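Taken in order, these protein sequences are the chains called A and B.
Numbering of the first sequence is given in this note's numbering, commencing with residue 1 and proceeding in unit increments.
Numbering of the second sequence is given in this note's numbering, commencing with residue 1001 and proceeding in unit increments.
For each residue, glycine too, the CB sits at the ideal point set by N, CA and C.
Predicted, not measured: the structure shown is a model, and the values here were computed from it.
Structure, as structure tokens:
2 protein chains.
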Amino acid sequence: MAYTRRLANLATWQLSEAAARAHRILREYLDGENANGYEYRVLAALGDLGQISQVDLGRATGLDRSDITHTVRKLEARRFVSRESDPRDARRSLVELTEAGRRMLVRLDKVIQLVQDEVFMPITDAEITVLLGLLRRLS
Amino acid sequence: MAYTRRLANLATWQLSEAAARAHRILREYLDGENANGYEYRVLAALGDLGQISQVDLGRATGLDRSDITHTVRKLEARRFVSRESDPRDARRSLVELTEAGRRMLVRLDKVIQLVQDEVFMPITDAEITVLLGLLRRLS
DNA sequence: GTGATATCATTGGTGATACCAACATACTAA
DNA sequence: TTAGTATGTTGGTATCACCAATGATATCAC
């Protein structure tokens, strides 16, 4: 990368370059499974938390409610999730994984693991620990 | 942030969270100067490299040619850059900063420095050095 | 109980970032 | 000279992040 000095010297630039590489690799792998980042986030949260409302899904994934709506509807069309109205609060729609959704999540989890391996290949496990400690303090 | 376990445990997630925070801060500060990331990158490259072609601008900034076209035209409309045809190669358009562009870059450079300070406030200079070393190896 | 307030899902946006393909023009190399 | 290449432009697409308005529903204050 022959980036110009002003950019290459910025710490935020280097941070965003590393994240961009990780993101490119993630996108590439997810694309191979016909998924995107929003979809993985939603499936992952449902895998962890079971049947939950869309608001809770938003909190668990960091997605805006409107993006949750869109993503959940796409996943529903592909039969990866099902929805029902919450009997105790008609405003809420409760979302959960279908069997196909669970299988998809298993596949995506594996793929995501490959992404981790590829992204962090250049550094050792001990270095990853150091890195994550610093990143966490930045977040 | 109460992200779900599957996401919070991903190293790539933590990397992208830290980068996202940096990006939010950058956006906020640039917005205050009526600029965006593409515009700063182009101005910064022109500040470093002087009069250069759009292809070279793309290489120096990591931007696609089409995005360079768009960004340079916007900067030209605001009189921050000027363009002329390369007398030695009529395909090329040579771009350079105007006086107003130079002043804008000075302002943006200062703002970008504030962004660095705010983003990396939570860790020490020595830790920044460690972090950048690891990030560079990941890129 | 009722009126004000808040919450939830939805709809319909915006802007930034990162790409891609096709094209006309202009140059280069065989 | 001709085939191929480089450059800038145009006109897209996808992803990600975010915002405002709205109707339906719940909850709170009284």
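Residues of chain B with a CB under 9 Å from the CB of S53 (chain A): which are they?
Residues of chain B passing the Cβ test: none, with the nearest at roughly 14 Å.
Based on DSSP bridge pairs, tell me the residues matched to R83 (chain A).
A:V95
Using a Cβ-Cβ cut-off of 8 Å, state whether R27 (chain A) counts as contacting chain B.
no
Can you find a C-beta in chain B that's less than 8 Å from the C-beta of D48 (chain A)?
yes
Please confirm whether F120 (chain A) and L97 (chain A) have their CB atoms less than 8 Å apart.
no
Which residues of chain A have a Cβ atom closer than 9 Å to the Cβ of V1119 (chain B), listed in chain order?
A11, T12, L15, L138
Expected contact under 8 Å - CB spacing of L1132 (chain B) and A1044 (chain B) to nearest Å
That belief does not hold up - the Cβ atoms of L1132 (chain B) and A1044 (chain B) are roughly 18 Å apart, past 8 Å.
For the alpha helix (DSSP H) holding I1123 (chain B), just list the boundary residues, first then last.
From DSSP, I1123 (chain B) is part of no alpha helix (DSSP H); its letter is neither H nor E.
Got a sec: is the Cβ-Cβ distance from R1091 (chain B) to anything in chain A below 8 Å?
no
The alpha helix (DSSP H) enclosing S1139 (chain B), as first and last residue numbers
From DSSP, S1139 (chain B) is part of no alpha helix (DSSP H); its letter is neither H nor E.
Is it the case that the CB of S93 (chain A) approaches a heavy atom of the ligand NAD more closely than 7 Å?
Summarising the ligand content, the structure contains no ligands, and the ligand NAD is consequently not present.
Does DSSP put M1001 (chain B) in a helix, in a strand, or in coil?
Confidence at M1001 (chain B) is low in this model, with a pLDDT of 44, below 50, so the placement of that residue should be treated as unreliable; the coordinate-derived value is given next. DSSP places M1001 (chain B) in coil when its eight states are reduced to three.
Separation of A18 (chain A) from L1138 (chain B), as counted between CA atoms
6 Å
Give every residue of the same chain whose Cβ lies closer than 7 Å to the Cβ of E1033 (chain B), excluding the five residues on either side of it in the sequence, and list them in chain order.
R1107, L1108, V1111
From I1145 (chain B) to D1067 (chain B), what does the alpha carbon distance come to, in whole angstroms?
Only positions 1001 to 1139 of chain B appear in this structure, which leaves residue 1145 (chain B) out of reach.
What residues match up with D1089 (chain B) in a beta bridge as DSSP calls it?
B:D1086
Residue range of the alpha helix (DSSP H) that includes Q1014 (chain B):
1011 to 1032
Quick one: does E127 (chain A) have its CB under 8 Å from some CB of chain B?
yes
Tell me which residues share the same chain as R1102 (chain B) and place their Cβ nearer than 8 Å to its Cβ, disregarding the 5 neighbours each side in the sequence.
G1047
When we look at the beta-carbon of M1 (chain A) and count the other beta-carbons within 10 Å, is it buried (16 or more) or exposed?
Here the model assigns M1 (chain A) a pLDDT of 44, short of 50, so the residue's position is not dependable, and the following value carries that caveat. Its Cβ having fewer than 16 others within 10 Å, M1 (chain A) is exposed.
Residue environment, L10 (chain A), which counts as buried when at least 16 other CB atoms sit within 10 Å
buried
Looking at E127 (chain A) and L1140 (chain B), is the spacing between their C-beta atoms short of 8 Å?
Residue coverage of chain B in this structure runs from 1001 to 1139, which leaves residue 1140 (chain B) outside it and unanswerable.
Under 8 Å between C-beta atoms, does V1115 (chain B) make it to chain A?
yes
So is R1006 (chain B) buried or exposed if we call it buried at 16+ other beta carbons inside 10 Å?
buried
For L134 (chain A), decide whether its Cβ has a neighbour in chain B, counting only Cβ atoms nearer than 8 Å.
yes
Hey, quick one: how far does the alpha helix (DSSP H) through D1064 (chain B) stretch, first residue to last?
Counting along the chain, D1064 (chain B) falls outside any alpha helix (DSSP H), and DSSP gives it neither H nor E.
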